[in-house]
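Visitor: Pasting in a structure now, in structure tokens, and then I'll have a few things to ask.
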Amino acid sequence: MYVAVKGGEKAIDKAHEWLEDERRGDVSVTELSVAQIREQLALAVNRVMAEGSLYDPDLAALAIKQARGDLIEAIFLIRAYRTTLPRFGYSQPVDTGAMACDRRISATFKDVPGGQVLGPTFDYTHRLLDFALEAEGLERPEPPAEAAEHPVMPRVTEFLNREGLIQDEVPPAPEADQPGDLTREPLELPAERPLRLQALTRGDEGFVLSMAYSTQRGYAKNHPFVGELRIGTVPVEAEIPELGFAIEVGEITLTECETVNQFLGSKTEPPQFTRGYGLVFGQTERKAISMALVDRALRWKELGEDDKGAPAQDEEFVLYHSDNIQATGFLEHIKLPHYVDFQSELELVRKIRREADAAQQGARREAAE
Amino acid sequence: MSERRELTEEEAARKAWMSLLAKAPAARLAALWAEAGREAGFTWLRAPEVGGVMVRGRAGGTGAAFNLGEMSVTRCSLKTEAGAVGHAMVQGRDRKKAEIAALVDAGMQGADAPRLRAKLLDPLEAEMTAARAARATRADQTKVDFFTMVRGED
Chain A
1 MYVAVKGGEK
11 AIDKAHEWLE
21 DERRGDVSVT
31 ELSVAQIREQ
41 LALAVNRVMA
51 EGSLYDPDLA
61 ALAIKQARGD
71 LIEAIFLIRA
81 YRTTLPRFGY
91 SQPVDTGAMA
101 CDRRISATFK
111 DVPGGQVLGP
121 TFDYTHRLLD
131 FALEAEGLER
141 PEPPAEAAEH
151 PVMPRVTEFL
161 NREGLIQDEV
171 PPAPEADQPG
181 DLTREPLELP
191 AERPLRLQAL
201 TRGDEGFVLS
211 MAYSTQRGYA
221 KNHPFVGELR
231 IGTVPVEAEI
241 PELGFAIEVG
251 EITLTECETV
261 NQFLGSKTEP
271 PQFTRGYGLV
281 FGQTERKAIS
291 MALVDRALRW
301 KELGEDDKGA
311 PAQDEEFVLY
321 HSDNIQATGF
331 LEHIKLPHYV
341 DFQSELELVR
351 KIRREADAAQ
361 QGARREAAE
Chain B
1 MSERRELTEE
11 EAARKAWMSL
21 LAKAPAARLA
31 ALWAEAGREA
41 GFTWLRAPEV
51 GGVMVRGRAG
61 GTGAAFNLGE
71 MSVTRCSLKT
81 EAGAVGHAMV
91 QGRDRKKAEI
101 AALVDAGMQG
111 ADAPRLRAKL
121 LDPLEAEMTA
131 ARAARATRAD
141 QTKVDFFTMV
151 RGED
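Protein sequence lines correspond, in order, to chains A and B.
If you're matching positions, the first sequence starts at 1 in my numbering and goes up one per residue.
If you're matching positions, the second sequence starts at 1 in my numbering and goes up one per residue.
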């Protein structure tokens, strides 16, 4: 419990003033613009949008600037802003099958229709520091002159589905297809898969990654292959109530990962492949793959698998600890004044010690007599 | 959310231009409007307002819907002196972009439509298609050509 403490206003003002100066850094170095952050630190911007749960690259870039590059602080700023926005409605589910892909790879099928498209990836780089980047104004190669169209990229899992070798993904009836919304009602357990996916897509990348990694190392092992990973843009359709039909209200970049998991069958399900699913704002493939692995691990109940007691199978553990803003809020509050709490603990410890001392002295006196 | 239904031809056309305007880069739309727009009086039915739309996805791409996260949008509605009602819901937080989009939506319902189409919507669409084609080309150049290594003789 904290009790209101007065005082310190002047110190707080001066601390914030200093913070402002430190944020700016050495004034002989050019100030970073929000547009520069948006364009040149795009993957940081993407992470802030995904975990801040608001697709707005300019705002995410501003938050990163204000937070001095502390991404969790930036996510906090975005979450706080998000709560001030009136909710105009829900979009129609995006059609990721029709994504205009910058990148699309499959680790399970070499010759997928549409091809293996690497896109702008860190894969196959040597991870050697490029000191040429220290220089500014490097010349870029000319963009290609010819114009192509985004090819149709059928879902890789559909090939397995045609043979009936993979668990099917069909939507429930429209009236039942109303997912819960974490931004409207607090999380309650057990959570349906849609709610779990919402929690995972906005969850902390490091936490989701570690949970996914634990399943690979043997805690609730589920043998994932990346059936497909795609990054690209999709339009977002939302209804305009005055018109009675939906229009595209924007276009967003998404990363989608579908894992194909070995499954030997259970009491209720035949031997087949099963799926894990990841879908995240922006170019965020580490997060999307992690999300797919954790999604699959959390599906043990519906697939009739055994509870191996692994952390990644524990819905309560995963969902209650994946949100870095909740975690930060609770963790960091312990540095705020707890003087009264601590005073009472101090009194208690002194009292117990006095009693213990008195009892000891009593015992010694008895022994001496 | 209502059920999907077949749109009339007029509705489909309106959906197409409203969608184009919603996705357009704000600065480019403002520049084109400065050249092609006709400043006419209008009254607000709903002044520009920034808000969020909760974007949904589907589990496994095709299964149950789930809430992915919000995106920022700006909406407004207005009535021109000619009596046309224009609506807009556009991506981002640019109120001017929403206003221009609603004015174009209203203009497209009247005699000014062919001019707006030629001077504003067509160039905008061409530029957005070209930008998209440039990305598609870059992507296409990163497509992997596999070749099979021949193992031994016959």
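By construction, the Cβ of each residue, glycine as well, lies at the ideal position given by its N, Cα and C atoms.
1. Ordered along the chain, which non-local residues of its own chain (more than five positions away) have a Cβ less than 6 Å from that of residue 256 of chain A?
2. Mind checking residue 44 of chain B: buried by the 16 CB within 10 Å criterion, or exposed?
3. Quick one: what's got a C-beta closer than 6 Å to residue 2 of chain B's C-beta in the same chain, skipping five residues either side?
4. With distances taken Cα to Cα, identify the nearest neighbour of residue 192 of chain A among A/178, A/203 and A/170.
5. Counting pairs of beta carbons, one from the segment 38-52 of chain A and one from the segment 71-84 of chain A, are three or more of them closer than 8 Å?
6. Quick one: list the residues of chain A neighbouring residue 119 of chain B, beta-carbon separation under 9 Å, in chain order.
7. Compile a chain-ordered list of the residues in the segment 59-80 of chain B whose CB is closer than 8 Å to at least one CB of chain A.
8. Tell me, which residues are paired with residue 72 of chain B by DSSP?
9. Below 9 Å on C-beta distance, what does residue 97 of chain B contact in chain C?
10. For residue 226 of chain A, name the three-state secondary structure that DSSP assigns.
11. Can you name, in chain order, every residue of its own chain whose Cβ lies under 8 Å from the Cβ of residue 294 of chain A, other than the five neighbours on each side?
12. Can you give me the start and stop residues for the alpha helix (DSSP H) that residue 326 of chain A sits inside?
13. Report the option in B/60, B/11 and B/100 whose CA atom is closest to the CA atom of residue 168 of chain A.
14. Check this for me: beta carbons of residue 102 of chain A and residue 132 of chain B, under 8 Å apart or not?
15. With the cut-off set at 8 Å, would you say residue 64 of chain B and residue 190 of chain A are in Cβ contact?
16. Exposed or buried, which one is residue 57 of chain A when buried takes at least 16 other CB atoms within 10 Å?
17. Looking only at its own chain, which residues have a Cβ that is under 7 Å from the Cβ of residue 72 of chain B, when we skip the five neighbours before and after it?
18. List the residues of chain B that residue 289 of chain A touches, going by C-beta distances under 9 Å, in chain order.
19. Can you name the residues of chain B whose CB is closer than 7 Å to the CB of residue 177 of chain A?
20. Is there a C-beta anywhere in chain B that falls below 8 Å from the one on residue 221 of chain A?
21. Less than 8 Å between the C-beta atoms of residue 143 of chain B and residue 116 of chain A, yes or no?
Guide: On the basis of the coordinates in this document:
1. Closer than 6 Å at Cβ, skipping near neighbours: 96, 230 and 279.
2. exposed
3. Because the pLDDT of residue 2 of chain B is 45, which lies under 50, any placement of that residue in the model is unreliable, and the question is left without a value.
4. A/178
5. yes
6. The premise fails here: residue 119 of chain B is roughly 22 Å from chain A at the closest Cβ pair, so nothing lies under 9 Å.
7. 59, 60, 61, 62, 63, 64, 65, 66, 67, 68, 69, 70, 71, 72, 73, 75 and 77
8. B/52
9. Protein chains A and B are contained in the structure displayed, whereas chain C is not.
10. In this structure, residue 226 of chain A counts as strand in the three-state DSSP scheme.
11. 200, 208, 211, 212, 215, 276, 312 and 318
12. Annotation: the continuous alpha helix (DSSP H) that includes residue 326 of chain A extends over 324-332.
13. B/60
14. Their beta carbons are not under 8 Å apart, which means residue 102 of chain A does not touch residue 132 of chain B by this criterion.
15. Going by beta carbons, residue 64 of chain B and residue 190 of chain A fall outside the 8 Å limit.
16. Burial is judged here by how many other beta carbons sit within 10 angstroms of a residue's own beta carbon; residue 57 of chain A has at least 16 and is buried.
17. 50, 52, 92 and 93
18. Within 9 Å Cβ-Cβ: nothing; residue 289 of chain A doesn't reach chain B, min ~15 Å.
19. 64 and 65
20. It does not; no Cβ of chain B falls within 8 Å.
21. Taking C-beta atoms as the reference points, residue 143 of chain B and residue 116 of chain A count as a pair closer than 8 Å.
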